[in-house]
Amino acid sequence: MKALHALLVEDSPVIRENLIAALEEMTPLRVVATASDEAAALAVLAQREPPLPPLDMAIVDVFLAQGSGLGVLRALQAQGSAIERVVLTNHATPALRRQCLALGASRVFDKSGEIEALIEHCLARAHAA
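All residue numbers for the sequence shown refer to this note's numbering, where the first residue is 26 and numbers rise by one.
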C-alpha cells in the first residue's frame, strides 16, 4: 500500500485539524500541505510554497471564506494535472456534484454523512497505487 500525499483545502480550522487526524490515523494518506482559501491553494499547486513531495490528491471544500474550491478545480483542470481531485462539502446537492465532476473531481463527499466513504476511497486509492 502506497502512502498518498495530499493537499487539503478547508477554511474551518477545526474541521481541517479533525480531518487530518482522522485521515492520517485511518489511511496511508499524509496531508503535506493545507490551504484555507483559493489563493493559498493555487500557490501550493504552483509550488511557490516550500518544496513538497509530488501530490497524489487534492481534497477540496467548495465554499471557502475567500475564493472557491471550484476555482481550485478549474485551475487543476486547466493545468491538465494528474492530481486526483476529491470534493468534501456541506452542500453536496445534485447540481453541485455534477458541476464538480464536470471540473474533474473524481468524487464528491458530503461532510455531514460521508466521511467514512472518503476514508474508504482513500484506502482504495492507496491499495491501487
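Ideal Cβ positions, reconstructed from N, Cα and C, are used throughout, including at glycine. Just so you know, these numbers come straight off a predicted model, no measurement behind them.
Exposure of residue i, with buried meaning 16 or more beta-carbon neighbours within 10 Å
i, result
"Met26", "exposed"
"Gly105", "exposed"
"Val69", "buried"
"Thr52", "buried"
"Thr114", "buried"
"Gly92", "buried"
"Phe134", "buried"
Between the CA atoms of residue j and residue i - distance to the nearest angstrom
i, j, result
"Ala66", "Val85", "9 Å"
"Cys147", "Ala60", "19 Å"
"Val56", "Leu126", "22 Å"
"Leu101", "Arg123", "17 Å"
Beta-carbon spacing of residue i, residue j below 8 Å
i, j, result
"Gly94", "Val112", "yes"
Whole-angstrom C-beta distance between residue j and residue i, which should lie under 8 Å
i, j, result
"Ala83", "Ile45", "Going by Cβ atoms, the distance from Ala83 to Ile45 rounds to 14 Å, so no, they are not a contact pair."
"Ala90", "Asp36", "5 Å"
"Pro76", "His30", "Not confirmed; about 12 Å, so no contact."
"Leu98", "Ala130", "6 Å"
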